[in-house]
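J.: So that we are looking at the same thing, I have put the structure below in structure tokens.
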Amino acid sequence: MLILKMSLVGMMTGTYFGVHLFFVSLGSVLLMTAWTLWISPSKRRWILFFLSIGFTVLILSNVWYYRYFSDFLSVALLIQIPQMGEVGGGLRDLIYPADFLLFTDIVLFGIYLVFNRKKSFNDLPRKSRNRFVVMGVVAGLFFLVTPLAINAGDRDEWLVQDSLSNMRTYFKAGMMGHHVIDIGREINDQWIEEKQLTAAQQRELQQFFDSNRDQPVDETFQDKPNVIVIQLESFQTSVIDQQIDGQEITPFINKFKEEVLYFPNFYHQTHQGRTSDAEFLLNTSFYPLKAGSVYTRYPDHSYDSLPEKMDSQGYETAAFHAFKRDFWNRDDVYSNFGFDHFFSIDDFPDGDIIGLTLNDKDFFLSSVDRMMEMEEPFYSFLVALTSHTPYDFPEDKKELNLNSLEEEIIQNYYHNIHFVDQAFGAMVDRLKEEDLWDDALVVAYGDHDSGLQEPGRDMAEMAEAESAVDYLNLGRKVPLFMKLPDMDTGEVISTTGGTIDIAPTILSLLGEDKGYMIGDNLLDDKANLTVFRDGSYLYDGYYYQADLTTERENGTCYSLETEEQTERANCSPVLYEAASQLRMSDLIIKKNAVGQLKGETVE
């Protein structure tokens, strides 16, 4: 039954489950259950019963997690459980009633055990049981190891350390194999592997950054402008200019984008850490981890961060987040980023609560009050929260009639976005009133998608999403706006980019070198490589969708213009550069390597 349940994972998640996964899953089950033949029959059946419960819960947990993150669970996520309790309301939308059919065999098995608990069973002789245990282990190893050996050719991305994503490990080793490997990898990362860079690693990293330098830049502005960066929660590009039954979802931003630099081909690059990943990408220009969040796994590591660079240029720096100070370790992380101040929920006056905490309008306006107390020039980083999953929204604040949409959660998402649009507009007006607008460099961007764009749902149907490129744009595109000092007219910047590129672009505008950052300047003329955590990427008008089931080179290439599949050769020139960026980023984070590259010692 466990093999059947594992095969159903493919159906429940829309992923591939083929012959390879069948055999590695069979091998895993044999290895995990063969030993029970050494146990007496009366105990064995109860052990198998509880093993079946445990494995079924693990399978369903992975399915539920995949429905939101398009990834499987990792042991690194265990340290995020305390944070999940604060935002766990969204879980209910990931659980389908049919999921619980996976417990049918367990219920029947349990009934059988209860009614036969006193019944004795004859068992095989010990020698026969020993023989079957050996046969089970040998068969399990054969079914597990043989497919892995066949797929061992991709040596530069093998299972334990260098696999680019959890899903690649799953497709090579199966669900149980993935979790065993993941545990081993975490033990190695946290307690075994030396944190000091080897000489070879230091040379490799230095060569990587030397080759990744931008051209020398000149200061764009005569005076140092205040820099204000606003991260908008779950804000997708698809909502801009969207109308439902003649009602604009984002009326303010629809006009605002005509007055600023607007980047319609901008993509989020977050992974399991979602909002925290977006913050990390913005302030460090490094990629998120393939498992867990940097904020919970490595909160004390340091980087060549945007706040530190701003501080070195005489800026006063502050982060604003209207929730608990220690949520996702932000107090420690922001300090290590180099922020002078962190304003959390206790630093804001009381106001209406929407979703998790103080509504965005009150948050934005109170943040402007704080900015007015800061010494200029200042760098302010604001993390909005109103439109956070599970998207609950008070009835008395709903202004749109969205009854034509079937799903209440998607209705509420649009109500949230409509409110955030108004809140953002109120902040812009307030900045203008306080003479903080004209001379400032203001950046606003969406942190990640809503998680509501799966095929067959209202959002996908309204977007008429059909092709792989359609779903890429629906699920990955988020808006980016930049208002330059004394800007008179807006402009559409068609450059393709991602969250990792924002900090280098800001620094370039300020005449500063990006230092140890991976991203690129979005305002230069060169083709930009935009990489996602699973190894997929965008480059020069093409989208490479990584194949997680076999070799890295076997992905699919699409033209962004025609949305049609095209020759893989159009995407292949930067295949290994994309993988290299992810690998270098992981090495930097896990080894706390920026300081070492600067000549600092590791404690």
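Counting with this note's numbering, you get residues 244 to 846 for the letters of the sequence shown. Virtual Cβ for every residue (Gly too), placed ideally from N, Cα, C. Values in this document were obtained by computation on a predicted structure and should not be read as measured data.
(1) To the nearest angstrom, report how far apart T738 and L625 are at their CA atoms.
(2) With 16 other CB atoms within 10 Å as the buried threshold, where does F358 fall?
(3) Relative to the C-alpha of K533, which residue among F312, S555, V735 is closest?
(4) Taking all protein chains shown into account, decide if M827 is buried (16 or more other Cβ within 10 angstroms of its Cβ) or exposed.
(5) I'd like the span of the alpha helix (DSSP H) that includes I349, first residue to last.
(6) Does DSSP classify L772 as helix, strand or coil?
(7) Please report the residue range of the alpha helix (DSSP H) in which L247 lies.
(8) Please state whether DSSP places K533 in a helix, a strand or coil.
(9) Spatial neighbours of R673 within its chain, please: CB distance less than 6 angstroms, with the 5 preceding and 5 following residues excluded, ordered by chain position.
(10) Would you mind working out which of G694, S268, R568 sits nearest Y413, comparing C-alpha positions?
(11) Short check: CB of L337 to CB of K248, under 7 angstroms?
(12) Round the Cβ separation of Q515 and Y688 to the nearest angstrom and send it over; I've been treating them as touching at under 8 angstroms.
(13) Return the chain-ordered list of same chain residues with a C-beta closer than 6 angstroms to the C-beta of E806, the five sequence neighbours on each side being excluded.
(14) Determine the closest residue to A822 out of D777, F265, I745, with distance taken between C-alpha atoms.
(15) Just checking, does the region 475–485 make contact with the region 650–670 on the three C-beta pairs under 8 angstroms criterion?
(16) Terminal residues of the continuous alpha helix (DSSP H) containing L684?
(17) What distance in whole Å lies between the Cβ atoms of F452 and D759, which are believed to be in contact at a cut-off of 8 angstroms?
(18) What does a CB cutoff of less than 8 angstroms around I246 pick up in its chain, not counting 5 residues either side in sequence?
(19) According to the neighbour-count rule (16 or more other Cβ atoms, all chains shown, within 10 Å of its Cβ), is D399 buried or exposed?
(20) For the pair the region 590–610 and the region 627–641, tell me if three or more CB-CB distances fall below 8 angstroms.
(21) Quick check on I338: does DSSP put it in helix, strand or coil?
(22) List the DSSP bridge partners of H564.
(23) Restricting to Cα atoms, I'd like to know which of I749, P507, F385, R372 is closest to V735.
(24) Is the beta carbon of F293 sitting closer than 7 angstroms to the one on F352?
(25) Measure the CB-CB distance between G587 and R568 and report whether it falls below 7 angstroms.
(26) Go ahead and pull the three-state DSSP assignment for M553.
(27) Under a Cβ-count criterion, where at least 16 other Cβ atoms within 10 Å of its own Cβ denotes burial, should M254 be classed as buried or exposed?
(28) T258: which of I290, Q323, G417 sits nearest, CA to CA?
(29) Can you find the residues in the same chain that come closer than 7 angstroms, C-beta to C-beta, to G594, ignoring five residues on each side of it along the sequence?
(30) Taking only three categories from DSSP, how would you classify K498?
(31) Return the CA-CA distance between S295 and L715, expressed in angstroms with no decimal places.
(32) DSSP three-state call for M670: helix, strand or coil?
(33) DSSP beta-bridge partners for K720?
(34) Looking only at its own chain, which residues have a Cβ that is under 7 angstroms from the Cβ of A669, when we skip the five neighbours before and after it?
(35) What separation, rounded to the nearest whole angstrom, lies between the Cα atoms of W434 and Q512?
(36) Assuming the contact rule is C-beta atoms closer than 8 angstroms, Q832 and Y541 should be a hit. Round their C-beta distance to whole Å, please.
T.: With the given structure in hand:
(1) Residue 738 sits at position 495 when you count from the first residue of the sequence shown. Residue 625 sits at position 382 when you count from the first residue of the sequence shown. Taking the straight line joining both Cα atoms gives about 25 angstroms.
(2) Residue mapping note: residue 358 aligns to position 115 of the sequence shown, counting from 1. The residue is exposed, with fewer than 16 neighbouring Cβ atoms inside 10 Å.
(3) One-based indexing of the sequence shown puts residue 533 at position 290. Of the candidates F312, S555, V735, the one whose C-alpha sits nearest the C-alpha of K533 is F312.
(4) Here residue 827 is taken as the residue at index 584 of the sequence shown, counted from 1. Looking at its Cβ environment, which holds 16 or more other Cβ atoms inside 10 Å, M827 is buried.
(5) Position 106 of the sequence shown, counted from the first residue, corresponds to residue 349. 347–358 is the extent of the alpha helix (DSSP H) around I349.
(6) By one-based count along the sequence shown, residue 772 stands at place 529. In the structure shown, L772 sits in coil (DSSP, three-state: anything other than H, G, I, E or B).
(7) Translated into the one-based positions of the sequence shown, residue 247 becomes position 4. L247 -> alpha helix (DSSP H) spans 245–256.
(8) Against the sequence shown, residue 533 aligns to sequence position 290. Three-state result, K533: coil.
(9) If you number the sequence shown from 1, residue 673 lands on position 430. So the qualifying residues of the chain are L608, V611.
(10) Against the sequence shown, residue 413 aligns to sequence position 170. The option with the nearest alpha carbon to Y413 is S268.
(11) By one-based count along the sequence shown, residue 337 stands at place 94. By one-based count along the sequence shown, residue 248 stands at place 5. Not a contact, by the Cβ cut-off of 7 angstroms.
(12) Counting from 1 along the sequence shown, the entry for residue 515 is found at position 272. Counting from 1 along the sequence shown, the entry for residue 688 is found at position 445. Not quite, the Cβ-Cβ distance comes to about 20 angstroms (not below 8 angstroms), so this is no contact.
(13) By one-based count along the sequence shown, residue 806 stands at place 563. So the qualifying residues of the chain are S710, V712.
(14) Residue 822 sits at position 579 when you count from the first residue of the sequence shown. Checked all of D777, F265, I745; the closest Cα to A822 is D777.
(15) yes
(16) Here the question's residue 684 lines up with position 441 in the sequence shown. Taken as a continuous stretch (DSSP letters only), L684 belongs to no alpha helix (DSSP H), being part of the beta strand (DSSP E) at 684–689.
(17) If you number the sequence shown from 1, residue 759 lands on position 516. If you number the sequence shown from 1, residue 452 lands on position 209. Strictly speaking, residue 759 in this sequence is Tyr, with Asp absent from that position. Right, their Cβ atoms sit about 6 angstroms apart.
(18) Taking the sequence shown and counting its residues from 1, the one referred to as residue 246 is at position 3. Excluding positions up to five away in sequence, the list reads F265, S268, L269, V272.
(19) Position 156 of the sequence shown, counted from the first residue, corresponds to residue 399. Because D399 sits at a pLDDT of 46, beneath the cut-off of 50, its placement in the model cannot be relied upon, and the point is left open.
(20) yes
(21) The sequence position of residue 338 within the sequence shown is 95, counting from 1. Three-state result, I338: coil.
(22) Within the sequence shown, numbered from 1, the residue matching residue 564 stands at position 321. Looking at the DSSP assignment, H564 forms a beta bridge with V626.
(23) By 1-based counting over the sequence shown, the position of residue 735 is 492. V735 has its Cα closest to that of P507, out of I749, P507, F385, R372.
(24) Looking up residue 293 in the sequence shown gives position 50. Looking up residue 352 in the sequence shown gives position 109. Going by C-beta atoms, F293 is not nearer than 7 angstroms to F352.
(25) Walking along the sequence shown from the start, residue 587 turns up at place 344. Walking along the sequence shown from the start, residue 568 turns up at place 325. Sequence inspection shows Ser at residue 587; the Gly mentioned does not correspond to that position. Closer than 7 angstroms, so yes.
(26) Residue mapping note: residue 553 aligns to position 310 of the sequence shown, counting from 1. Helix.
(27) Numbered from its first residue, the sequence shown carries residue 254 at position 11. With fewer than 16 Cβ atoms within 10 Å of its Cβ, M254 is classed as exposed.
(28) Locating residue 258 in the sequence shown gives position 15, counting from the first residue. It is G417 whose Cα lies nearest to the Cα of T258.
(29) By 1-based counting over the sequence shown, the position of residue 594 is 351. Cβ within range, chain order: L601, N602, D605.
(30) Along the sequence shown, one-based indexing puts residue 498 at 255. Note: K498 maps to helix in three-state DSSP.
(31) Residue numbering aside, residue 295 sits at position 52 when the sequence shown is read from its first letter. Residue numbering aside, residue 715 sits at position 472 when the sequence shown is read from its first letter. S295 and L715: Cα-Cα distance of roughly 37 angstroms.
(32) In the sequence shown, counting from the first residue as 1, residue 670 sits at position 427. Helix, per DSSP.
(33) The residue you call residue 720 lines up with position 477 of the sequence shown. Per DSSP, Y510.
(34) Here residue 669 corresponds to residue number 426 of the sequence shown, with the count starting at 1. Hits under 7 angstroms: K604, F607, L608.
(35) For this step, residue 434 is matched to residue 191 along the sequence shown. For this step, residue 512 is matched to residue 269 along the sequence shown. If you take the alpha carbons of W434 and Q512, they lie about 28 angstroms apart.
(36) Here residue 832 refers to the residue found at position 589 of the sequence shown. Here residue 541 refers to the residue found at position 298 of the sequence shown. Reading the sequence as shown, one finds Ile at residue 832 and not Gln. With a Cβ gap of about 6 angstroms, I832 and Y541 count as contacting.
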